[in-house]
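Protein chains: 2
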Amino acid sequence: MELKEEIIRRAAAAKMAANKLANIGTDAKNKALLAMAAALEKNKDDILFKNEIDVDAAKESGLSDALVDRLTLDDKRIGSMIQGLKEIVELKDPIGEILSTTTRPNGLKINKVRVPLGVVGIIYESRPNVTVDTAGLCLKSGNAVILRGGSEALNSNHMLARTIAAAAYEAGLPEGAIQFVETTDRQAIMELVKLDRFIDVIIPRGGEDLIKFIREHTKIPVIFHGKGVCHTYVDIDADLKMAEEICFNAKVQRPGVCNAMETMLVHKGVALEFLPKMAARYQQAGVELRGDAKTLEILKGIKTAREEDWAVEYLALILAIKVVDTFEEAVTHINKYGSQHSDAIVTNNKQRAEEFLKLIDSAAVYWNASTRFTDGAEFGLGAEIGISTQKMHARGPMGLAELCSYKYEIYGNGQVRK
Amino acid sequence: MELKEEIIRRAAAAKMAANKLANIGTDAKNKALLAMAAALEKNKDDILFKNEIDVDAAKESGLSDALVDRLTLDDKRIGSMIQGLKEIVELKDPIGEILSTTTRPNGLKINKVRVPLGVVGIIYESRPNVTVDTAGLCLKSGNAVILRGGSEALNSNHMLARTIAAAAYEAGLPEGAIQFVETTDRQAIMELVKLDRFIDVIIPRGGEDLIKFIREHTKIPVIFHGKGVCHTYVDIDADLKMAEEICFNAKVQRPGVCNAMETMLVHKGVALEFLPKMAARYQQAGVELRGDAKTLEILKGIKTAREEDWAVEYLALILAIKVVDTFEEAVTHINKYGSQHSDAIVTNNKQRAEEFLKLIDSAAVYWNASTRFTDGAEFGLGAEIGISTQKMHARGPMGLAELCSYKYEIYGNGQVRK
Chain A
21 MELKEEIIRR
31 AAAAKMAANK
41 LANIGTDAKN
51 KALLAMAAAL
61 EKNKDDILFK
71 NEIDVDAAKE
81 SGLSDALVDR
91 LTLDDKRIGS
101 MIQGLKEIVE
111 LKDPIGEILS
121 TTTRPNGLKI
131 NKVRVPLGVV
141 GIIYESRPNV
151 TVDTAGLCLK
161 SGNAVILRGG
171 SEALNSNHML
181 ARTIAAAAYE
191 AGLPEGAIQF
201 VETTDRQAIM
211 ELVKLDRFID
221 VIIPRGGEDL
231 IKFIREHTKI
241 PVIFHGKGVC
251 HTYVDIDADL
261 KMAEEICFNA
271 KVQRPGVCNA
281 METMLVHKGV
291 ALEFLPKMAA
301 RYQQAGVELR
311 GDAKTLEILK
321 GIKTAREEDW
331 AVEYLALILA
341 IKVVDTFEEA
351 VTHINKYGSQ
361 HSDAIVTNNK
371 QRAEEFLKLI
381 DSAAVYWNAS
391 TRFTDGAEFG
401 LGAEIGISTQ
411 KMHARGPMGL
421 AELCSYKYEI
431 YGNGQVRK
Chain B
21 MELKEEIIRR
31 AAAAKMAANK
41 LANIGTDAKN
51 KALLAMAAAL
61 EKNKDDILFK
71 NEIDVDAAKE
81 SGLSDALVDR
91 LTLDDKRIGS
101 MIQGLKEIVE
111 LKDPIGEILS
121 TTTRPNGLKI
131 NKVRVPLGVV
141 GIIYESRPNV
151 TVDTAGLCLK
161 SGNAVILRGG
171 SEALNSNHML
181 ARTIAAAAYE
191 AGLPEGAIQF
201 VETTDRQAIM
211 ELVKLDRFID
221 VIIPRGGEDL
231 IKFIREHTKI
241 PVIFHGKGVC
251 HTYVDIDADL
261 KMAEEICFNA
271 KVQRPGVCNA
281 METMLVHKGV
291 ALEFLPKMAA
301 RYQQAGVELR
311 GDAKTLEILK
321 GIKTAREEDW
331 AVEYLALILA
341 IKVVDTFEEA
351 VTHINKYGSQ
361 HSDAIVTNNK
371 QRAEEFLKLI
381 DSAAVYWNAS
391 TRFTDGAEFG
401 LGAEIGISTQ
411 KMHARGPMGL
421 AELCSYKYEI
431 YGNGQVRK
């Protein structure tokens with residue numbers, strides 16, 4: 021009961037703050053962002069101290085090295101958060117932009133104007149930088165934010181949130197604009213996602229289980245960043261040297277992220293020439309290859325790709341490979357097993373490339389480029405709050421504009437409906 | 021079990037059709053829409069015959085005259101559906117439109133291109149014209165549609181859906197693009213809303229109970245058309261003659277629709293001059309007035325507005341009236357009791373009007389005009405599939421563009437991520 025009341029109190033406070041934040045000017049928001057950056061700098065030692073508590077506990081509990089690394093803060097990582105806030109200051113304020121304007125035959129002037137969503141609930145796991153990055157993006161887009169981080173980073177997140185919330189308030193933003201849920205009890209999520217009267221959108225940043233749990237328990241709209249089962253299709257008309265560079269980059273440059281390639285499809289007409297060289301390069305880089313029957317005929321001795329390999333997001337140096345008989349087979353495979361994230365074709369055939377871009381139902385579709393470019397900064401949106409793999413509201417990288425809604429402001433001089 | 025399988029079969033068929041529909045050209049879609057219009061004309065007698073069965077049953081079961089009227093079809097109403105489809109033909113095809121284009125420093129060209137959502141589920145009550153109107157809008161925007169109408173109109177809806185689905189298929193659209201759920205068992209809705217792997221969005225068109233039921237039982241994004249508790253605020257600097265015309269229109273011209281005014285707020289500085297004349301005109305038109313204490317001091321003998329009057333959507337010739345001391349009181353009242361649909365200020369004070377447009381958190385905010393204009397056609401969007409009172413994805417009147425998503429089509433020449 022106490023937990024529930026605490027969550028309601030925080031959500032209601034965020035809503036009140038959101039009503040004020042919606043009409044706060046760019047200068048005031050930027051001033052607050054810079055104050056938040058300065059406060060992180062000033063409180064660095066305290067933040068690192070609290071982080072040590074989390075890191076020690078994580079090691080003790082046997083968390084994997086990779087997860088301990090994600091959790092660990094140092095001067096450089098706090099510096100990145102500070103830099104991130106400063107970059108958000110430089111981004112154009114999306115609020116108040118007139119998206120379209122029309123004057124109707126009856127003289128009514130109708131402006132479609134960008135406004136904030138209101139209160140954004142961020143439910144995230146692990147990396148403490150999410151606390152700062154998402155709060156900064158929400159404030160710049162005029163939204164209040166409720167943060168609920170994972171238990172393993174509780175002390176770090178709490179200290180970061182307290183630091184930036186106090187700085188934002190002292191710099192003149194409404195009280196309560198940044199809320200942090202201090203308990204990591206899963207019940208806190210249950211209570212939070214019930215509050216559709218206060219919270220306008222929930223953005224889960226975490227694994228599939230978290231997303232599934234939230235979607236099943238809330239009426240609030242959810243924008244989720246699902247998995248990235250990304251493909252590259254090497255067409256019969258591909259420049260094979262280019263294909264090699266693109267496929268190598270898409271798998272190896274940073275395998276642990278959502279826009280890395282997980283399955284490579286190769287047209288049978290070039291497989292014999294392309295696969296052995298490509299495989300050698302992958303194996304030199306430590307990539308484990310798993311192929312279908314036709315691939316195994318060419319690449320002897322690699323593992324067999326099983327049905328479940330086609331739909332899995334490895335996030336590791338593992339690659340599934342399939343030789344396809346036709347362009348259509350590639351398209352069908354991607355639309356069947358992919359996650360509508362990012363998929364690429366390598367070909368010199370313009371018509372086929374354009375067909376691919378139309379037929380593949382994914383957020384980002386590439387012709388002759390690495391899938392690794394699906395990212396807010398690479399798209400020119402500035403920082404991103406996530407990459408949406410759904411079609412409603414926002415798709416692909418989400419920047420400031422994707423954290424907004426709009427309203428119609430209508431100017432009349434006495435018009436009545438006939 | 022049989023019901024469940026039937027629903028799954030229909031949803032899967034719609035998804036398959038949607039994949040094809042996404043890349044069908046404008047001419048083919050328009051040809052199908054015209055074929056649907058012609059088929060309605062040709063099958064008019066059969067449709068009217070089936071409708072009679074529904075109307076007779078409705079009368080027998082004691083449905084109110086208003087509801088029987090909503091259900092009843094005649095030559096004119098079928099003519100309106102036919103005309104509606106022809107108007108959709110004239111609307112610009114939203115699919116394929118390039119919403120923005122950018123070339124990045126690395127040479128990647130990124131086009132943001134409008135695409136369909138996929139499969140739209142429409143769950144509606146009463147009026148059979150929804151069957152035809154929504155199917156037409158969905159097809160034109162490249163979406164497949166699953167229709168589930170109310171039990172009282174089952175025979176009419178089924179006949180309409182069969183007619184247009186057959187015509188669309190014969191005209192060359194993919195099989196299964198228009199699906200109709202033949203059972204009106206509520207269990208059918210339960211099964212339908214589980215199918216997030218096939219259905220991309222649910223649009224409920226009906227009362228609050230229906231919306232609530234759906235939102236509580238689905239993971240699929242829902243775009244809902246909530247109630248319209250619309251306000252007009254008559255400011256101290258209003259042109260009172262203009263205010264009278266606007267307030268009369270907003271309440272009386274068509275009281276049964278969502279953009280009609282339900283509460284009138286009047287600044288105390290003009291209440292004494294404005295209210296008696298306005299009240300006389302309302303009472304002559306048969307409007308029942310309910311006032312707060314200050315209103316009752318001026319308009320003796322009218323009913324008292326109770327707390328619940330401020331949040332109710334009368335959809336009838338009833339009006340709640342409140343005298344406010346300040347502009348701020350009006351803003352606070354509207355944001356507290358309103359439904360974020362449509363609200364207006366009447367004033368000659370430009371600064372105050374602009375403050376109102378910013379501070380009121382509603383889909384449509386008006387300066388010196390009737391709230392009755394919130395409508396797709398009046399906004400120049402063409403036909404509408406509903407008016408969203410939420411902030412995610414679409415807000416206010418929803419036309420073809422609001423039934424769409426987008427994708428990023430990216431053109432490279434070998435770019436890899438550094």
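Protein chains in written order, with our numbering: chain A, 21 to 438; chain B, 21 to 438. Ideal placement from N, C-alpha and C gives every residue a C-beta, glycine not left out. Predicted, not measured: the structure shown is a model, and the values here were computed from it.
My output table needs one value for residue i: the three-state DSSP class, helix, strand or coil.
{"i": "LYS342 (chain B)", "result": "strand"}
{"i": "HIS245 (chain B)", "result": "coil"}
{"i": "ILE198 (chain B)", "result": "strand"}
{"i": "HIS287 (chain B)", "result": "strand"}
{"i": "ARG168 (chain A)", "result": "strand"}
{"i": "LYS323 (chain B)", "result": "strand"}
{"i": "VAL152 (chain B)", "result": "helix"}
{"i": "TYR426 (chain A)", "result": "strand"}
{"i": "HIS251 (chain B)", "result": "strand"}
{"i": "THR46 (chain A)", "result": "helix"}
{"i": "LEU114 (chain B)", "result": "Before going on, a small fix: residue 114 (chain B) reads as Pro here, not Leu. The answer is coil: DSSP assigns PRO114 (chain B) none of H, G, I, E or B."}
{"i": "ARG134 (chain B)", "result": "strand"}
Buried or exposed: residue i, going by 16 or more other Cβ atoms within 10 Å of its Cβ?
{"i": "ASN279 (chain A)", "result": "buried"}
{"i": "PRO114 (chain B)", "result": "buried"}
{"i": "ASN368 (chain B)", "result": "exposed"}
{"i": "GLY358 (chain A)", "result": "buried"}
{"i": "ILE118 (chain A)", "result": "exposed"}
{"i": "LEU292 (chain A)", "result": "exposed"}
{"i": "PHE69 (chain A)", "result": "exposed"}
{"i": "ASN433 (chain B)", "result": "exposed"}
{"i": "ARG310 (chain A)", "result": "buried"}
{"i": "SER161 (chain B)", "result": "buried"}
{"i": "THR346 (chain B)", "result": "exposed"}
{"i": "LYS320 (chain B)", "result": "exposed"}
List the endpoints of the continuous alpha helix (DSSP H) containing residue i.
{"i": "GLN273 (chain B)", "result": "Premise fails: GLN273 (chain B) is in no alpha helix (DSSP H) and is neither H nor E."}
{"i": "ALA364 (chain A)", "result": "No alpha helix (DSSP H) contains ALA364 (chain A), which is instead part of the beta strand (DSSP E) from 362 to 366."}
If you draw a straight line from the C-alpha of residue i to the C-alpha of residue j, how long is it?
{"i": "MET298 (chain B)", "j": "TRP387 (chain B)", "result": "19 Å"}
{"i": "SER84 (chain A)", "j": "LEU91 (chain A)", "result": "11 Å"}
{"i": "PRO390 (chain B)", "j": "LEU167 (chain B)", "result": "Checking the displayed sequence, the identity of residue 390 (chain B) turns out to be Ser instead of Pro. Between SER390 (chain B) and LEU167 (chain B), the C-alpha separation is close to 33 Å."}
{"i": "ALA263 (chain B)", "j": "MET284 (chain B)", "result": "11 Å"}
{"i": "PHE104 (chain B)", "j": "ALA403 (chain B)", "result": "Going by the sequence as given, residue 104 (chain B) is Gly instead of Phe. Taking the straight line joining both Cα atoms gives about 8 Å."}
{"i": "ASN50 (chain A)", "j": "THR315 (chain A)", "result": "55 Å"}
{"i": "ARG225 (chain B)", "j": "PHE244 (chain B)", "result": "7 Å"}
{"i": "CYS158 (chain B)", "j": "LYS112 (chain B)", "result": "13 Å"}
{"i": "PHE401 (chain B)", "j": "GLU429 (chain A)", "result": "The displayed chain sequence assigns Leu, not Phe, to residue 401 (chain B). Spanning the two alpha carbons is a distance of roughly 15 Å."}
{"i": "PRO194 (chain B)", "j": "GLU80 (chain B)", "result": "40 Å"}
{"i": "ILE240 (chain A)", "j": "ILE240 (chain B)", "result": "11 Å"}
{"i": "THR121 (chain B)", "j": "ILE405 (chain A)", "result": "21 Å"}
{"i": "GLY276 (chain A)", "j": "ALA383 (chain B)", "result": "41 Å"}
{"i": "ILE184 (chain B)", "j": "VAL249 (chain B)", "result": "35 Å"}
{"i": "GLN303 (chain B)", "j": "GLY289 (chain B)", "result": "23 Å"}
{"i": "ALA55 (chain A)", "j": "ALA48 (chain A)", "result": "11 Å"}
{"i": "THR37 (chain A)", "j": "ASN163 (chain A)", "result": "At residue 37 (chain A) the sequence reads Ala, which differs from the Thr that was named. The straight-line gap from Cα to Cα measures roughly 9 Å."}
{"i": "HIS251 (chain B)", "j": "TYR431 (chain A)", "result": "16 Å"}
{"i": "MET210 (chain A)", "j": "THR204 (chain A)", "result": "11 Å"}
Over what stretch of residues does the beta strand (DSSP E) that includes residue i continue unbroken?
{"i": "THR352 (chain A)", "result": "Careful: THR352 (chain A) lies outside any beta strand (DSSP E), inside the alpha helix (DSSP H) at 347 to 357."}
{"i": "GLU308 (chain B)", "result": "308 to 311"}
- Message: When you compare the segment 174 to 191 of chain B with the segment 149 to 164 of chain B, are there three or more beta-carbon pairs, one atom per stretch, that lie closer than 8 Å?
- Response: yes
- Do three or more CB pairs link the segment 128 to 146 of chain A to the segment 22 to 36 of chain B at distances below 8 Å? no
- Message: Check whether the segment 331 to 341 of chain A and the segment 259 to 276 of chain A touch, using three or more Cβ-Cβ pairs below 8 Å as the test.
- Response: yes
- Query: Are at least three pairs of beta-carbons, each pair with one atom in the segment 213 to 228 of chain B and one in the segment 27 to 44 of chain B, less than 8 Å apart?
  - Reply: yes
- Query: Would you call the segment 343 to 357 of chain B and the segment 231 to 239 of chain B touching, i.e. three or more CB-CB distances under 8 Å?
  - Reply: no
- Can you find at least 3 beta carbon pairs, one from the segment 93 to 101 of chain B and one from the segment 53 to 71 of chain B, that sit closer than 8 Å? yes
- Task: Could you tell me whether the segment 414 to 425 of chain A touches the segment 124 to 137 of chain A, using the rule of 3 or more Cβ pairs below 8 Å?
- Result: yes
- Query: Touching or not, the segment 359 to 378 of chain B and the segment 405 to 414 of chain A, by the rule of three or more beta carbon pairs under 8 Å?
  - Reply: no
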